[in-house]
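Colleague: The structure follows.
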Amino acid sequence: LQEAKNYLSKLSSTVEGLLAIVVTDRDGIPLIKVAMDHVPEQALRHSFLSTFGSATEQANKLGLKQTQSVISMFKNYQVVQINKYPLIVTFIAESSANTGLLLNLETDMGDLLSDLQRVVPAS
Numbered sequence: 007l008q009e010a011k012n013y014l015s016k017l018s019s020t021v022e023g024l025l026a027i028v029v030t031d032r033d034g035i036p037l038i039k040v041a042m043d044h045v046p047e048q049a050l051r052h053s054f055l056s057t058f059g060s061a062t063e064q065a066n067k068l069g070l071k072q073t074q075s076v077i078s079m080f081k082n083y084q085v086v087q088i089n090k091y092p093l094i095v096t097f098i099a100e101s102s103a104n105t106g107l108l109l110n111l112e113t114d115m116g117d118l119l120s121d122l123q124r125v126v127p128a129s
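To convert, take the position in the sequence shown, counting from 1, and add 6; that gives our numbering.
Here it is in structure tokens:
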């Protein structure tokens, strides 16, 4: 687990303005989290992290198929959430961070996410 945190910490330094990377299960329970000191605390709370799973379930019920990602822009921050069933990857960044680079981090995390997908049960 520490090796995974070290990897994510190094990865987070590759995108200017990236404040946190959180990998959760479908219910928003953090499995791995790396965060800078000045990341908004409320963005790391379970109640916030779990909303993506709920939103994707509702979208599926509406026939919109599987949601791949959601990008939320706020005044000072942006949140990029990526569906890697049964995992959710959340990037929290400054609003000025390059959103495309954040989305591309999914590819860099491929091996780590594959390992986690094997051990996290699908609901």
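Where a beta carbon is used, it is the ideal one built from N, C-alpha and C, also for glycine.
On the three-state DSSP scale, how would you describe S78?
Modeller: If DSSP states are grouped into helix, strand and coil, S78 belongs with the strands.
Colleague: My understanding is that N89 touches S75, with C-beta atoms under 8 Å, so please give their C-beta distance in whole angstroms.
Modeller: Correct: roughly 7 Å between the Cβ atoms.
Colleague: Thinking C-beta only, is T57 closer than 8 Å to T73?
Modeller: No. Outside cutoff.
Colleague: Relative to the alpha-carbon of L37, which residue among K67, Q64, T96, K71 has its alpha-carbon at the smallest distance?
Modeller: Among K67, Q64, T96, K71, the Cα nearest to that of L37 is on T96.
Colleague: What are the boundary residues of the beta strand (DSSP E) that K39 is part of?
Modeller: Segment 36 to 41, the beta strand (DSSP E) holding K39.
Colleague: Which same chain residues, not among the five before or five after E9, have their C-beta less than 8 Å away from its C-beta?
Modeller: Counting only Cβ-Cβ distances below 8 Å, and skipping sequence neighbours, we find nothing.
Colleague: Helix or strand or just coil, what does DSSP make of Q84?
Modeller: Here Q84 sits in strand by DSSP.
Colleague: Please state the DSSP three-state secondary structure of E22.
Modeller: Reduced to three states, the DSSP call for E22 is coil.
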